Amino acid sequence: MPKKRILIFSTAYFPFVGGAEVAVKEITDRLPDYEFVMITAKLRSDLLDVEKVGNIEVHRLGNGNHWDKYRLIAPGGRYSSKLGHFDAIWGIMASYAGFAALRFKKQNMNMPFLLTLQEGDSRWQIYKHVWWCWPYFKQIFKKADKIQAISSYLADWARDLGAKNNIEVIPNGVDVDKFKDIGDKRYEIGDNVRKNLSIKKDDKIVITVSRLVKKNGVWDLVKAMKYLDGNAHLLIAGDGVLKDKLVLLVNNIGLAGRVHFLGHLNHDELLPYLQASDVFCRPSLSEGLGNVFLEAMAAGLPIVGTRVGGIPDFLKNNETGLFCDVGNPKNISENIKKILTDINLREKLIANGRRLVKEKYSWDLIAGKMRDIFESL
1 MPKKRILIFS TAYFPFVGGA EVAVKEITDR LPDYEFVMIT AKLRSDLLDV EKVGNIEVHR
61 LGNGNHWDKY RLIAPGGRYS SKLGHFDAIW GIMASYAGFA ALRFKKQNMN MPFLLTLQEG
121 DSRWQIYKHV WWCWPYFKQI FKKADKIQAI SSYLADWARD LGAKNNIEVI PNGVDVDKFK
181 DIGDKRYEIG DNVRKNLSIK KDDKIVITVS RLVKKNGVWD LVKAMKYLDG NAHLLIAGDG
241 VLKDKLVLLV NNIGLAGRVH FLGHLNHDEL LPYLQASDVF CRPSLSEGLG NVFLEAMAAG
301 LPIVGTRVGG IPDFLKNNET GLFCDVGNPK NISENIKKIL TDINLREKLI ANGRRLVKEK
361 YSWDLIAGKM RDIFESL
């Protein structure tokens, strides 16, 4: 029996890596009995036009620049029609790829259309980009035969935009084995990280993993460090447009020796820094789900986050983490202090967090749920 063929539209794909791209790869690699073909923007001239990435045959359209995102919308459908028969359409996010998937759906009305929502920006930020084509944007939601949202927040957004068909919340996952408890080896790893960063053995480490953009609240987290004792350090893993301004802020408020910019790290590079840290914090202004929180929990870190977007799906206050106020550095610091000083609370959050991730957020479990969706389509 021939494999079912799924046509994926994604604005970007590896080597461009975000939560959505990781999710697609983790899911498709676990479904070898399906054939996946992806249409995506090329975005970089040195990338191959066609190549196999894991279990996906990736076709990159465009000239290798930013405008390739727009070239997805119309040419993407025409190009796809040359690639043979497909059993379903899978659109990754309601963006450029969502528009391309919508066009293809309109040309193939009998072909089921699955829309995955991974958006992390606030509704207002999204509206600012698509207000000029708002009725057409809403059709992405209305024409989808099935919607998979990675959080309850995004499922509610889909309903507000007129989605009438089945909406199911299936979150992103975590490679649980990669983040398993390593016991006493954690101390050895921690000592090496501290030595490389000139951090004393008994000093405390707060870590955040974030694109350095406004929505992730890193600015507020840096300011929160003013309220923590001088033996507390902040590790910032990530890069982005606010990097230079954040470095300037650190210097202006006298934190140059206590805030460490690590730059962008892949998953393997990041793990030792998580294992060396005492608390994970990202005081987001908006969040679709927040996969880095789940990875921190799997690595044995207590977490501090805001009550926005999809974070309340997994963060239960005083059970799996602590909530802090949005845009309030002093409150952020107070919640970090609670974890650093209350050993019983810390151990409870770590144990509950690890258990939650293992029971509900493993990629094997998520891939199984996605298989059920494909079969239903």
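Going by UniProt numbering, the first residue of the sequence shown is number 1, and it counts up by one from there.
Glycine is no exception: its CB is placed at the ideal position from the N, C-alpha and C atoms.
Here the structure is a predicted model, which is why all the values come from computation and not from measurement.
- Task: Assign Arg307 to buried or exposed, taking buried as 16 or more other Cβ atoms, counted over all protein chains shown, within 10 Å of its Cβ.
- Result: exposed
- What separation, rounded to the nearest whole angstrom, lies between the Cα atoms of Lys201 and Val326? 31 angstroms
- Query: Does the stretch 116-123 touch the stretch 40-48, meaning 3 or more C-beta pairs lie closer than 8 angstroms?
  - Reply: Judged by Cβ distances under 8 angstroms, the stretch 40-48 makes no contact with the stretch 116-123, as fewer than three pairs qualify.
- Cα-Cα separation, Trp67 to Leu43: So the alpha carbons of these two residues sit roughly 8 angstroms apart.
- Given Asp313, which residues of its chain have a CB within under 6 angstroms of its CB, disregarding the five upstream and five downstream residues? Around Asp313: Ser151, Ser152.
- Can you tell which of Pro283, Phe293, Ala224 has its C-alpha closest to the C-alpha of Val259? Ala224
- Query: Going by the beta-carbon positions, is the gap between Met93 and His59 smaller than 8 angstroms?
  - Reply: no
- Item | Coarse secondary structure for Gln118, derived from DSSP in three states | coil
- Hey, how far is the Cα of Trp124 from the Cα of Ala23? When only Cα atoms are considered, Trp124 and Ala23 end up about 25 angstroms apart.
- Query: With Asp278 and Val206 assumed to form a contact (beta carbons below 8 angstroms), what rounded beta-carbon distance in angstroms separates them?
  - Reply: 7 angstroms
- If you follow the beta strand (DSSP E) that Arg34 is part of, which residue opens it and which one closes it? Reading off the sequence shown, one finds Tyr at residue 34, where the question assumed Arg. Residues 34-41.
- Query: Whose C-beta lies closer than 6 angstroms to the C-beta of Arg346 among residues of the same chain, with five residues either side of it excluded?
  - Reply: Pro302, Ile339
- Straight-line CA distance for Val247 to Ile199? 19 angstroms
- Task: Output the distance between the C-alpha atoms of Ser80 and Glu375, rounded to the nearest integer angstrom.
- Result: Going from the Cα of Ser80 to the Cα of Glu375 covers about 22 angstroms.
- Are at least three pairs of beta-carbons, each pair with one atom in the stretch 349-363 and one in the stretch 159-167, less than 8 angstroms apart? no
- Should Ala224 be flagged as near chain B, meaning a C-beta pair shorter than 8 angstroms? Checking the listed chains, one finds no chain B in this structure; it contains a single protein chain.
- Message: Considering only DSSP beta bridges, list what Gln148 is partnered with.
- Response: Thr116, Glu168
- Query: If you draw a straight line from the alpha carbon of Gly238 to that of Phe261, how long is it in whole angstroms?
  - Reply: 8 angstroms
- Item | Asn216 - DSSP class collapsed to helix/strand/coil | helix
- Delimiting residues of the alpha helix (DSSP H) encompassing Ala351: 343-360
- Residue burial classification, Ile140 (beta-carbon count within 10 angstroms, cutoff 16): Residue burial is scored here from C-beta neighbours: Ile140 has at least 16 other C-beta atoms within 10 angstroms and is therefore classed as buried.
- Are Arg355 and Gly300 closer than 8 angstroms when you measure CB to CB? At least 8 angstroms separates the beta-carbon of Arg355 from that of Gly300.
- So, using beta-carbon positions, are Ser284 and Gly368 closer together than 8 angstroms? no
- Message: Just verifying my parser: in three-state terms, what is the DSSP assignment at Lys3?
- Response: coil
- Query: With Val174 and Glu295 assumed to form a contact (beta carbons below 8 angstroms), what rounded beta-carbon distance in angstroms separates them?
  - Reply: Between Val174 and Glu295, the beta carbon gap of about 6 angstroms places them in contact (Cβ cut-off 8 angstroms).
- Message: Along the chain, where does the beta strand (DSSP E) containing Trp90 start, and where does it finish?
- Response: 88-92
- Range of the contiguous alpha helix (DSSP H) that encloses Phe179: It is not in any alpha helix (DSSP H) - Phe179 carries neither H nor E in the DSSP assignment.
- Task: Kindly indicate which three-state DSSP category His233 falls into: helix, strand or coil?
- Result: strand
- Leu61 burial status per 10 Å Cβ neighbour count (16 or more: buried): By the 10 Å Cβ count, Leu61 comes out buried.
- Item | From Gly162, Asn110, Pro329, Pro112, residue whose alpha carbon lies closest to that of Trp134 | Gly162
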